[in-house]
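Those letters in the sequence shown? Residues 19 to 169, per this note's numbering, in order. Report on the structure given below.
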Amino acid sequence: MSDIPDPHVQQDKRDFLKFALFGGLFAWLAAVIFPVLSYLKPPKQAEVIVNSVKAGKIADFANDSGSIIKFGNKPVILIRNPQGEFKAFSAVCTHLECTVQYKKDLGMIWCACHNGKYDLNGRNVSGPPPRPLDEFRVTVQGEEVSISKKS
Ligand code: FES
Numbered sequence: 019m020s021d022i023p024d025p026h027v028q029q030d031k032r033d034f035l036k037f038a039l040f041g042g043l044f045a046w047l048a049a050v051i052f053p054v055l056s057y058l059k060p061p062k063q064a065e066v067i068v069n070s071v072k073a074g075k076i077a078d079f080a081n082d083s084g085s086i087i088k089f090g091n092k093p094v095i096l097i098r099n100p101q102g103e104f105k106a107f108s109a110v111c112t113h114l115e116c117t118v119q120y121k122k123d124l125g126m127i128w129c130a131c132h133n134g135k136y137d138l139n140g141r142n143v144s145g146p147p148p149r150p151l152d153e154f155r156v157t158v159q160g161e162e163v164s165i166s167k168k169s
């Protein structure tokens, strides 16, 4: 019998150690990188399909005011003009999708991101917005104000 180690056994040990080392390294990288990537790219939110929402009672909306109402996962701006009439539009600016607001002192719908302005019919009148806001239907039944999609 000789004391010289069998070269095949030595090679098998090296292969096993390499496998264990790289397997462990790979598992560690996956455990670190996967949560980071998940944080940086969150899963897409499913589109919520809504055709109508109850906005509130008439008394909840003062004349000459604007309110942002959640319509599924999109905002809608409900305007009550100085005469008490309601209008509703998508509150997503047609420029770069900032949320618009009612600007009482101008009597307009205003986008703070790039000073885009829309009149109270949703038409883009100044600034970079390229097209009007999408209009929604407002229904008043009794005291309840509802908003629905225009077809
Ligand atoms: S995003 Fe509204 S004006 Fe630019």
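Every residue gets a Cβ at the ideal spot worked out from N, C-alpha and C, and that includes glycine.
As assigned by DSSP and simplified to three states, the class of residue i
| i | result |
| --- | --- |
| S169 | coil |
| G41 | helix |
| V158 | strand |
| K31 | helix |
Any non-hydrogen atom of ligand 1 closer than 7 Å to residue i Cβ
| i | result |
| --- | --- |
| P148 | no |
| G145 | yes |
| L114 | yes |
| G134 | yes |
Whole-angstrom distance between residue j and residue i, CA atom to CA atom
| i | j | result |
| --- | --- | --- |
| P25 | L58 | 49 Å |
| L122 | I67 | As written in the sequence, residue 122 is Lys, which differs from the Leu given in the question. Near 31 Å, if we compare the C-alpha coordinates of I67 and K122. |
| P150 | I51 | 43 Å |
| D152 | S166 | 12 Å |
| P148 | V54 | 37 Å |
| V163 | S70 | 11 Å |
| K88 | A45 | 43 Å |
| V118 | F154 | 15 Å |
| C129 | D78 | 24 Å |
| L43 | A49 | 10 Å |
| H113 | G41 | 49 Å |
Cβ-based neighbour list, residue i, same chain, cut-off 7 Å, excluding 5 preceding and 5 following
| i | result |
| --- | --- |
| S144 | K135 |
| R141 | P150 |
Sequence-distant residues of its chain with Cβ nearer than 6 Å to residue i (five each side left out)
| i | result |
| --- | --- |
| G84 | I95, I97 and Y120 |
| K75 | E161 |
Residues near residue i in its chain [Cβ-Cβ closer than 8 Å; skip 5 each side]
| i | result |
| --- | --- |
| N99 | N81, D82, K105 and L138 |
| Q101 | N81 |
Quick check: the region 25 to 39 against the region 53 to 66, are at least 3 beta-carbon pairs closer than 8 Å? no
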